[in-house]
Every structure is written in structure tokens, then in C-alpha cells.
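The opening residue of the sequence shown carries number 16 in my numbering; numbering runs sequentially from there. Backbone N, C-alpha and C fix where the C-beta goes; we use that ideal spot for every residue, glycine too.
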Amino acid sequence: MIRTKEQQIMSGVLILGAGGHAKVIADILMCRGILVRGFLDDDRKFWGETRLGLPVLGAIDLFPEYEPEGLIIGVGDNSLRRRVARLLNPHADGLLRNA
Numbered sequence: 016m017i018r019t020k021e022q023q024i025m026s027g028v029l030i031l032g033a034g035g036h037a038k039v040i041a042d043i044l045m046c047r048g049i050l051v052r053g054f055l056d057d058d059r060k061f062w063g064e065t066r067l068g069l070p071v072l073g074a075i076d077l078f079p080e081y082e083p084e085g086l087i088i089g090v091g092d093n094s095l096r097r098r099v100a101r102l103l104n105p106h107a108d109g110l111l112r113n114a
């Protein structure tokens with residue numbers, strides 16, 4: 016399905032992770048006019064909280080339910096970021112793009 020730029024922006028992106036690195040990424044994206052729908056994080060202590068006015072929606076594996084235009088891995092720890100990327104690998108063709 017081909018989407019217009021307006022439709023892409025309206026569908027927004029999700030950030031995987033809800034810590035400090037993820038907040039910095041969200042701030043940069045929002046300053047650029049990109050719609051950030053929220054955060055996903057496997058740490059239950061973040062669930063239901065907000066970051067920069069955006070919700071932490073739940074666990075990372077819930078992302079297909081939100082049908083995001085894109086996913087951004089907002090995890091600062093390199094080894095954890097690699098694990099998240101491996102988790103997403105089956106979905107990589109449809110979600111991960113070079114910026």
C-alpha cells in the first residue's frame with residue numbers, strides 16, 4: 016500500500032524503549048514534526064506512565080497491534096539494542112528503513 020506523506024505522518028512512529036535515550040529520540044522527532052505515538056518497553060514499571068506527554072503503551076512485542084509507520088529502537092545499551100533488533104528481524108522488511 017502506497018501512502019501519501021500526510022498519511023505517513025498521521026500514522027506515526029513508535030519508540031522501543033522508554034528510558035533517557037528514548038526520550039531524547041522522541042524529542043528530536045517531535046521537533047522535526049514527526050508524529051510519535053508513544054513508547055513500548057518490556058519493563059512493567061514504565062507501563063501507563065508518560066514521557067514528554069507520550070504514553071508508555073506496554074511491552075515491545077505489542078507493536079503490531081498499533082500498526083506504526085515505523086519503529087525506532089530507542090535503547091542506549093548496545094547489547095540490549097542488538098537483542099531488540101534481533102526480536103524485530105522477522106518484521107524488518109516492513110518496518111526498518113534507512114533514514
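In the structure shown, Ile40 falls within a helical segment according to DSSP collapsed to helix, strand and coil. Residue environment analysis places Pro79 among the exposed positions, since fewer than 16 neighbouring C-beta atoms fall within 10 angstroms of its C-beta. Residue environment analysis places Arg66 among the buried positions, since at least 16 neighbouring C-beta atoms fall within 10 angstroms of its C-beta.
The continuous alpha helix (DSSP H) containing Arg98 extends over residues Asn93 to Leu103. By the criterion of a C-beta distance shorter than 8 Å, Met45 is surrounded in its chain by Val51 and Leu67, once the five residues flanking it on both sides are discounted.
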